[in-house]
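Novice:
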Amino acid sequence: MLQFSRVALLSAATSLVVPFSGHAQEASQDPSSQTSIINGAAGVPADLTSGGDYSASDVSVLPPIVVVAEPPAPARPRTYAPASTPAPATGGAPGTAEQGSEATVAGDPGARGIFTLGELDQIGGSVITNKTMWTYNKNTLDQALSIVPGVTMQNTGGSRNERDIFVRGFNRYRVPLYMDGVRLYLPADNRLDYNRFLTPDLSEIQVQKGYVSVLDGPGGMGGAINMVSRRPTKPLEIEARTGFEFDGDLGSLAVWNGYAFTGTRQKHYYAQVSGTIRDQDHWWMSEDFDPVLRANEDGGARNHSNAKDWRLNAKFGITPNATDEYSFNYTKQSGDKSAPLHVKGQVVQGPRYWSWPYWDMQSAAWLSKTKLGNKSYVKTNAYYNTFDNLLSSYDDASYTTQEGFRTFNSYYQDYAYGGSVEFGTDLMPMNTFKTAVHYRRDDHKEWSHDAPDGSNFVEPVQENVEDTWSVAAENTFHATSRLDFIGGIAFNQLEVVQAQDYDDGLFNYPTSTTHAFDYQGGAIYSYSDTGKLHATVSDRTRFPTMFERFSTRFGLVDPNPDLGPERAINYEIGASDTLFNNTVKLSGAVFYSDLKDSIQPVYVSSSGSTAIQNQNIDGTYKGVEFSVDWTINKRLRVGGNYTYLNRDFDYETKGAKPEGTPQHEGFVYLAWDATDKLTITPNLELASSRYSLITSSSSSLLSGALPRTPNYASLGSYALVNLQAEYRYSDTVTVGLGATNLLDQNYELTEGFPEAGRMFYANLKATF
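11 is the number of the first residue of the sequence shown in my numbering; add one for each residue after it.
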């Protein structure tokens, strides 16, 4: 939801609220940009910042809620610079206030180690800080997103062992994923596994919901997620972490996490390198799990739940003056994983003994921002991404031979290159105008070696090539010192240059070019110094993937080459305020999404039986989000959030239901500073039941006329109690001890695939 009080979730440690928003955080880099139309003369726009955006009171009038987790005030006194004190410029000398003073931390995200060049233009939504991820022991992307209001974590189940997310009902196909503003996209199917992305080296995660600026590029139909890396803040900066996760009976080590960072911030440049790793031998099942098919799962350590992931990030930037920045970034991540089996035995699709020997991505990117005079700016980026993975299918649970039917080695080899240019100006009085152009080419290659232990035949390489263009414009009209109107429009085009497949021979699908317009607008009214009302509407489109149009999924799905693009019109009305001497933070929103031609699996009659086919159907999503945070006294804070979501589609098949999302979901926390050094944080994650297609019976469909009604299980209701105790041994060393799912609840998000039971962890962090 487009929350605009960055306080919906507070950390275990303190309720520090950081008054900044999106790219407007860069305002402190240019003292001249400190003037706003609210603090200055009405109708006179402020100067643009070096990043091209206004202060929080101007263009970014809907700052996102932020999941903050700063440590409580130490015993020694702290000094605070006056609010009017300008923060040092980007190219300021090391050792100044930007390296940690409270004034700078409040105003300059760069001073907090945020790589601002990699942020998306964000209007509303949420931000998860690095400290919050540490506090709640959220070491993967899906784990971190699970505590954000409006976001639901989901296990895709089956043999793929992937983690998906829903943002207000929109899944990973409809919510683009970015790394430092560069989109991560798989052109064949875009089935990104959110569990493969690690979080310790991130400064923050931006979450946009409903309203995604057209300036960010195409595809933001239901939201967007951006992983933002760090940037050094000191002449010499070092951080190291290690962490261990243990079984619920403390019998063995299940997971090891490690992270190291070093960097330097000098007057005219910065450089850094970091690495993070997560080595998972297994995760532990609840003691309440009752084995059904012991060959697949007998309890204790979850069979075939091992995975290993690591990521390397390197960055070099030049800051020739107080307003400009040029940065080259390189990221390499590698992973391998197995896939747990259905605990009851999967009948639909049959048992699949799959593993991924490698799941690798890398990216090289150039990002820049340059101020043009006093009223304009230009931003650029250019990138080259690669994605390679191998899926191996075996004969049986020994995972040793590949001789029989449906055993194979399937290879994916992708690359993408592209870039964007954004220009902004406030030359027109009372207006801020921005425009952007995006281009991207995606090239996907795949081939398969069937029954590799018994055959030498390897399929020829099949290649799919797509070109995507987007041209967007956005204008903010500052009607008064308290009222802003924002509107945007974009033209998007997808050209399928080449589309190949193999079926007893290499063949080509027809190529095509599809285009669509996107529209959005909003009004934001500041009725007081702390309170705001907003209303927004965003009309966005998404093009189908090759997988959605042509894949048969081993004969279970009828292809639909005529599948068209889908569209969602997202409406939202919301408010936020800070009450009772800044001790209570409230924010809430009502949202409604009108879906046209949504791409959904539909059950159809096919050759005398029931099959699944992706079709364009209409539907609606509607719901409410609410967040509250209360600082009771200097040592005790409580808060949380609640989301109600209802999804409905115009299914032709009677009894078909949306899968994977609960109607009710919430998060509640309490942070108690027991001493100046010790913070104890219990928290509770809540969700009602959700529907999941039953795949363990002889048929996933009920009896009756064709097409038959799907057979669902209602599951996933949980109340997970978690606890962390954080002890700050010194200014540089912190220890965290805790437990997840402390009551050892046995629950499932997908039928036949239980989630982890009670686990304990111990973390150590040192910063210099």
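Quick reminder that beta carbons are idealized off the backbone N, C-alpha and C, glycines included.
Roughly how many whole angstroms lie between the Cα atoms of residue 699 and residue 724?
Specialist: Taking the straight line joining both Cα atoms gives about 6 Å.
Novice: Which two residues bound the contiguous alpha helix (DSSP H) that contains residue 557?
Specialist: 556 to 560 is the extent of the alpha helix (DSSP H) around residue 557.
Novice: With three or more beta-carbon pairs closer than 8 Å as the criterion, would you say the stretch 270 to 283 touches the stretch 216 to 223?
Specialist: Because the criterion of three Cβ pairs below 8 Å is not met, the stretch 270 to 283 and the stretch 216 to 223 do not touch.
Novice: Roughly how many angstroms separate the alpha carbons of residue 746 and residue 687, rounded to a whole number?
Specialist: If you take the alpha carbons of residue 746 and residue 687, they lie about 12 Å apart.
Novice: Can you pull the DSSP bridge partners for residue 294?
Specialist: DSSP, once it has assigned bridges, lists 311 as partnering residue 294.
Novice: Are residue 494 and residue 369 touching if we call contact CB-CB under 9 Å?
Specialist: Going by C-beta atoms, residue 494 is not nearer than 9 Å to residue 369.
Novice: Between 292, 469, 211, 727, which lies nearest to residue 307 when the distance is taken from Cα to Cα?
Specialist: Cα-wise, what sits closest to residue 307 is 292.
Novice: For the beta strand (DSSP E) that contains residue 744, what are its first and last residues?
Specialist: Here the beta strand (DSSP E) through residue 744 covers 743 to 750.
Novice: So, does the stretch 204 to 213 touch the stretch 455 to 473, judging by three or more C-beta pairs under 8 Å?
Specialist: Cβ pair count under 8 Å is below three, so no.
Novice: In chain order, which continuous runs of the beta strand (DSSP E) of length 3 or greater are located wholly inside the stretch 486 to 520?
Specialist: Counting whole runs of 3 or more residues, the stretch 486 to 520 contains the beta strand (DSSP E) stretches 493 to 512, 516 to 518.
Novice: Thinking just about the alpha-carbon of each residue, which of 530, 147, 612, 548 is nearest to the one in residue 570?
Specialist: For residue 570, the nearest C-alpha among the options comes from 612.
Novice: Count the other CB atoms, across all protein chains shown, that sit within 10 Å of the CB of residue 439; report buried if there are 16 or more and exposed otherwise.
Specialist: Burial call: exposed.
Novice: If residue 217 and residue 155 are in contact, beta carbons under 8 Å, what's the gap, nearest whole angstrom?
Specialist: With a Cβ gap of about 7 Å, residue 217 and residue 155 count as contacting.
Novice: If residue 764 and residue 726 are in contact, beta carbons under 8 Å, what's the gap, nearest whole angstrom?
Specialist: 11 Å between Cβ atoms; not a contact.
Novice: Under the three-state reduction of DSSP, which class applies to residue 438: helix, strand or coil?
Specialist: Of the three classes helix, strand and coil, the one that applies to residue 438 here is coil, per DSSP.
Novice: Return the CA-CA distance between residue 470 and residue 454, expressed in angstroms with no decimal places.
Specialist: Going by the C-alpha atoms only, they are around 14 Å apart.
Novice: Can you give me the start and stop residues for the alpha helix (DSSP H) that residue 155 sits inside?
Specialist: First-last of the alpha helix (DSSP H) with residue 155: 151 to 155.
Novice: Would you list the residues sitting across from residue 528 in a DSSP beta bridge?
Specialist: DSSP output for residue 528 lists 500 as bridge partner(s).
Novice: Does DSSP put residue 205 in a helix, a strand or coil?
Specialist: In the structure shown, residue 205 sits in a helix (DSSP, three-state: H, G or I).
Novice: What are the boundary residues of the alpha helix (DSSP H) that residue 141 is part of?
Specialist: Counting along the chain, the alpha helix (DSSP H) containing residue 141 begins and ends at 140 to 145.
Novice: If you check the beta carbons only, do residue 552 and residue 609 fall under 9 Å apart?
Specialist: Yes; because the gap between Cβ atoms is below 9 Å, this pair is in contact.
Novice: So which of 427, 443, 428 has the shortest CA-CA distance to residue 434?
Specialist: Among 427, 443, 428, the Cα nearest to that of residue 434 belongs to 443.
Novice: In its own chain, which residues sit with a C-beta less than 6 Å from the C-beta of residue 165, not counting the 5 before and 5 after it?
Specialist: Contacts found: 759, 760, 763.
Novice: For the stretch 208 to 241, which segments carrying the beta strand (DSSP E) assignment without a break, of at least 3 residues, lie completely within its bounds, in sequence order?
Specialist: Correct list: 212 to 219, 233 to 239.
Novice: Can you tell me whether residue 262 is buried or exposed, with buried defined as 16 or more other CB within 10 angstroms of its CB?
Specialist: By the 10 Å Cβ count, residue 262 comes out exposed.
Novice: I'd like to confirm the pairing. Which residues does DSSP put opposite residue 678 in its beta bridges?
Specialist: DSSP lists 650, 694 as partners of residue 678.
Novice: Would you kindly work out how many angstroms separate the C-alpha atoms of residue 343 and residue 325, rounded to a whole number?
Specialist: Straight-line Cα distance between these residues: approximately 15 Å.
Novice: Can you give the Cα-Cα distance for residue 173 and residue 722, rounded to whole angstroms?
Specialist: The alpha-carbon atoms of residue 173 and residue 722 are separated by roughly 20 Å.
Novice: On the DSSP bridge assignment, give the partners of residue 764 in chain order.
Specialist: DSSP lists 758 as partners of residue 764.
Novice: Does the beta carbon of residue 228 sit closer than 9 Å to a beta carbon anywhere in chain D?
Specialist: This model lacks chain D altogether, as it is built from one protein chain only.
Novice: Between which residues of its own chain and residue 784 is the CB-CB distance below 6 Å, once the five residues before and five after are set aside?
Specialist: The displayed coordinates of the chain run from 11 to 778. Any statement about residue 784 would go beyond what the structure contains.
Novice: Put residue 341 into one of helix, strand or coil per three-state DSSP.
Specialist: Three-state DSSP puts residue 341 in a strand.
Novice: Label residue 456 either buried or exposed according to how many other C-beta atoms from any shown protein chain fall within 10 Å of its C-beta, with 16 as the threshold for buried.
Specialist: It counts as buried.
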